[in-house]
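Just so we're aligned: the sequence shown equals residues -21 to -1, 1 to 349 in mature numbering (1 follows the signal peptide of the UniProt record, and there is no 0).
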Amino acid sequence: MRRKTLFGGLLCMCFVFFIYSFFPCENGPKAYMVPKEQIKYIYDHNQKAIPYDKNMPLIFIGGMPRSGTTLMRVMLDAHPEVRCGEETRVIPRILGMRTHWQRSETEKRRLNEAGITDDVIDSAITAFMLEVIAKHGEAAPRLCNKDPFTLKSSLYLSKLFPNSKFLFMIRDGRAVVHSIISRKVTITGFDLSSYRSCLKKWNQAMESMYAQCLHVGSGHCMPVYYEQLSLHPELWMKRILEFLDLPWNSSVLHHEDFVGKPGGISLSKTEKSSDQVIRPVNIEALSRWVEHIPKQEKTDMGTIAPMLKTLGYDPSANPPDYGKPDPRVADNTMHIKQNLEFWKNREIEIMTSEKIHQRRKSNMDNEPPS
């Protein structure tokens, strides 16, 4: 708890310093500094300059944790024009701080008195997020961010980054909650000893993100069902790439070939899903939850989590029928089951490899070619 408080305090101090570095105080004569717009660049491994600014078509992947956000990002990371990378963790914290300031009339008044208006905060958050997204990984023509809870702020983000697009990952809430509890995923406000409590929290979070996705509009926010992406990856990846205005590339169907390779997909040992996305797309996890939901929760499911029905799931189906997998996916699933030892060793090899844990050289250190 003390570590979280310290981290939050340091982050807040850094952000306030960031604001004051970019914007003038209100004391003294009413003179305004209007910085000249500078084009910023990141440089790829060939030293090709790639410009980045708030009007670029950023990609945001979000949804509830354990809903396929990591699978979605590694499939996109396999595309030669895209870089998502690991969760930044700081972006949702900054957005959460801003939400807190907006909800507190006292805090908002104090900020206004100090000259920290909404416009100042918006400009600072935009600049902060751009630097983090652009420089926390390798350069690429299309930059992408995967911090699941950012989609709780999709309306706000669509204002900051008008050409951005959002992939809203949706998964059966019963599977999400079972995965959160069984893998001991710590989420603020979630009681991991209670399926009922976690299902209610899932429902609340999904209600908010779903409403914002609808408000942003189908031209900028695309719901992606984890079950359907797992069952029919080629069909859904073609739809997703078309939505993102990206050319088709079959490498997105073989993300496992790029994990742990130089210039390939980087994983974080601190993310709970990293071990799973080392494997090819399969359906092993789709119905794993069925035997674990308590009897009373099964009976009350429609009342506990009404968003299940809203999203197209049958609250009374145990197990549900998600559909039949494509032949490629069925083969992948069978191969994994028949070669468990191989895939276990592959996970150990990659997750203990120094290469996968070494932070790729920051683009902050990249100098323009001479």
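Just so it is clear, CB atoms sit at the ideal spot from N, CA and C, and this is done for glycine as well.
Excluding five sequence positions before and after C63, the CB atoms of its chain that fall closer than 6 Å to its own CB belong to R52, L55, D56, C123, K125, given in chain order.
For L146, the three-state secondary structure derived from DSSP is strand. Its chain contains V238, G239, L246, I257, I335 as the residues whose beta carbon lies nearer than 8 Å to that of I329, once the 5 sequence neighbours on both sides are disregarded; these appear in chain order. Cβ neighbours of N297 within its own chain (closer than 7 Å, five residues either side excluded): V269, K277. Here G196 is not near K180, since their CB atoms are 8 Å or more apart. Contact check for H24 against G242 passes: the beta carbons are separated by less than 8 Å. Of the candidates L290, Q255, I262, Q255 places its Cα closest to the Cα of K323. Under a 10 Å Cβ-count criterion, A190 is classified as exposed, with fewer than 16 other Cβ atoms of the shown protein chains found around its own Cβ. Under the 8 Å Cβ criterion, the segment 64 to 73 does not count as touching the segment 145 to 164, having fewer than three qualifying pairs.
For the pair V61 and R121, the CB atoms are nearer than the 8 Å cut-off. Between the segment 94 to 112 and the segment 69 to 79 there are three or more C-beta pairs closer than 8 Å, enough to call the two in contact. Taken atom to atom, the span from the alpha-carbon of R307 to that of S230 is near 14 Å. Per the coordinates, the alpha-carbon of L178 lies some 44 Å from the alpha-carbon of Y20. When DSSP states are grouped into helix, strand and coil, L223 belongs to the coil group. Distance from P259 to N311 at the Cβ level is roughly 4 Å; contact confirmed, criterion being Cβ atoms closer than 8 Å. Taking C-alpha positions only, L134 is separated from H194 by approximately 7 Å.
Under the three-pair Cβ rule at 8 Å, the segment 91 to 98 does not count as touching the segment 31 to 49. Under the three-state reduction of DSSP output, K125 falls in the strand class.
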